[in-house]
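Enquirer: Provided herewith is a single structure, encoded as structure tokens, for subsequent inquiry.
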Amino acid sequence: MQIVCTGIYLIVAGIAGGLLSSMAGMASLVSYPVLLSLGLPPVSANVTNTTAQIFTGIGSTLSSAKELHSARHATLFDAAWALVGSVCGCILLLIAPASSFEKVVPVLIAFAGGLMLYSLFSKTPVKKRGSHPLIKGIALFLVGIYIGYFGASAGVITLAILTLAEDLPFATTNAIKNFISFAGNGLAMLIYAFTADVRWVIALTMGVGFLIGGWLGPKVVRHLPVRPLRFVIALAAFGLAIYLAITTY
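Set out below in structure tokens:
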């Protein structure tokens, strides 16, 4: 009976995390604490969480096929830069522990929230903000390093950069963000499979929920008013940054 209850607990948490991830890039706000509550050590919880989030990418990619196809060139360009960065981040992780980076994370997430607000209220057209493809590529390369090295709430940082740099509908920008996270998490999972303590049964069980939530998220985004949604995501980023700062420092 306890096994069944734990399974339901993980699936429900996965659905919530999948929704948060595919809509705002904040799955870890739910899924990581749930894994800790089951007694997993922090490092094991982190790699298990990243592995489970692969299923969010599968669900959101299938659900966002229309948006991704309409912006396929931007999707491939953005994902390529981020994936190269992820490779570098994974290599860096083998050299230096990710714990050395933890204190920077709240600052990065708060900065992402600031970028979201700036892009929301700025009256300057995207093409006049200096968002040259090379600048955007370098920014996504750096985000890719972060995804491969640490990864916590990387989605919201990616979304902030894309929102600022892309002149695309929000649903399309969000779909590209989900695809980038999918690619980065997939690479990290391959490395973790051979180098880290992934709890595979837990990851697969939570992955069922992530798959459902990841598939539902893009559909919800299509029907929500864009400006209020972006404002809420920015506020959530600030809230998450404050929470992480309190727990880190």
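Residues in the sequence shown are numbered from 177 upward in steps of one, following the numbering used here. For glycine and all other residues, C-beta sits at the position ideal for the given N, C-alpha and C.
I'd like to check one pair, A288 with A455: are the Cβ atoms closer than 8 Å?
Expert: No statement about residue 455 is possible, as the shown extent of the chain runs from 177 to 425 and does not include it.
Enquirer: Suppose you measure from the CA of A351 to the CA of P394; what does that come to, to the nearest Å?
Expert: Walking along the sequence shown from the start, residue 351 turns up at place 175. Walking along the sequence shown from the start, residue 394 turns up at place 218. Computed Cα separation, rounded: 7 Å.
Enquirer: Just to confirm my understanding: we take H308, look at its own chain, exclude 5 residues before and 5 after, and list those with CB closer than 8 Å. What are they?
Expert: Here residue 308 refers to the residue found at position 132 of the sequence shown. Closer than 8 Å at the Cβ level, and outside the excluded window around H308, lies no residue.
Enquirer: Only counting the same chain, and skipping five residues up and downstream in sequence, which positions put a Cβ closer than 8 Å to that of A258?
Expert: The residue labelled residue 258 in the question sits at position 82 within the sequence shown. Contacts found: L316, F317, V319, G320, I323, T334, I356, A359, G360.
Enquirer: Hey, out of M202, L293, T349, A286, whose CA is closest to I418's CA?
Expert: To locate residue 418, count along the sequence shown from 1; it is residue 242. Out of M202, L293, T349, A286, A286 has the C-alpha closest to the C-alpha of I418.
Enquirer: Note down, in chain order, each residue of its chain lying with its Cβ closer than 6 Å to the Cβ of G383, except the 5 sequence neighbours on either side.
Expert: As a position in the sequence shown, residue 383 is number 207, starting the count at 1. Around G383: A228, F231.
Enquirer: Return the CA-CA distance between T381 and I187, expressed in angstroms with no decimal places.
Expert: Reading the sequence shown from its first residue, position 205 is the one you call residue 381. Reading the sequence shown from its first residue, position 11 is the one you call residue 187. Looking at the two C-alpha atoms, the distance is approximately 6 Å.
Enquirer: Tell me which residues share the same chain as A379 and place their Cβ nearer than 6 Å to its Cβ, disregarding the 5 neighbours each side in the sequence.
Expert: The residue given as residue 379 occupies position 203 in the sequence shown. The answer, listed in chain order, is T224, T227, A228.
Enquirer: Suppose you measure from the CA of G313 to the CA of L416; what does that come to, to the nearest Å?
Expert: Within the sequence shown, the letter at position 137 stands for residue 313. Within the sequence shown, the letter at position 240 stands for residue 416. Answer to the nearest angstrom: the Cα atoms are 26 Å apart.
Enquirer: Determine the closest residue to K406 out of R375, M292, T348, with distance taken between C-alpha atoms.
Expert: Counting from one through the sequence shown, the residue named residue 406 turns up at place 230. The sequence as given places Arg at residue 406; Lys does not occur at that position. Looking at the Cα atoms, M292 is the closest of the given residues.
Enquirer: Taking C-beta to C-beta, are S198 and G390 nearer than 8 Å?
Expert: Within the sequence shown, the letter at position 22 stands for residue 198. Within the sequence shown, the letter at position 214 stands for residue 390. Against a cut-off of 8 Å, the Cβ pair of G390 and S198 comes out as a contact.
Enquirer: Taking a contact to mean a Cβ-Cβ separation below 8 Å, would you say V210 touches L420 in this structure?
Expert: In the sequence shown, the residue the question calls residue 210 occupies position 34. In the sequence shown, the residue the question calls residue 420 occupies position 244. No, the pair does not count as a contact, with Cβ atoms beyond the cut-off.
Enquirer: Which class does G201 belong to by DSSP, given the choice of helix, strand or coil?
Expert: As a position in the sequence shown, residue 201 is number 25, starting the count at 1. Coil at G201, not helix or strand.
Enquirer: With C-beta atoms as the reference, is T182 less than 8 Å away from N354?
Expert: Taking the first residue of the sequence shown as position 1, residue 182 is located at position 6. Taking the first residue of the sequence shown as position 1, residue 354 is located at position 178. In this structure, N354 does not lie closer than 8 Å to T182 by Cβ.
Enquirer: Terminal residues of the continuous alpha helix (DSSP H) containing F346?
Expert: By one-based count along the sequence shown, residue 346 stands at place 170. Counting along the chain, the alpha helix (DSSP H) containing F346 begins and ends at 346 to 371.
Enquirer: Terminal residues of the continuous alpha helix (DSSP H) containing F297?
Expert: For the purposes of this step, residue 297 is taken as residue 121 along the sequence shown, with counting starting at 1. 281 to 297 is the extent of the alpha helix (DSSP H) around F297.
Enquirer: Between G331 and G201, is the Cβ-Cβ spacing less than 8 Å?
Expert: Position 155 of the sequence shown, counted from the first residue, corresponds to residue 331. Position 25 of the sequence shown, counted from the first residue, corresponds to residue 201. Contact flag set, yes.
Enquirer: Count the other CB atoms within 10 Å of the CB of K304; is the residue buried (16 or more) or exposed (fewer)?
Expert: Here the question's residue 304 lines up with position 128 in the sequence shown. For K304, the predicted structure reports a pLDDT of 46, less than 50, and the residue's modelled location is therefore unreliable. A value from the coordinates is still provided. It counts as exposed.
Enquirer: With A364 and C266 assumed to form a contact (beta carbons below 8 Å), what rounded beta-carbon distance in angstroms separates them?
Expert: Taking the first residue of the sequence shown as 1, we reach residue 364 at position 188. Taking the first residue of the sequence shown as 1, we reach residue 266 at position 90. Going by Cβ atoms, the distance from A364 to C266 rounds to 6 Å, so yes, they are a contact pair.
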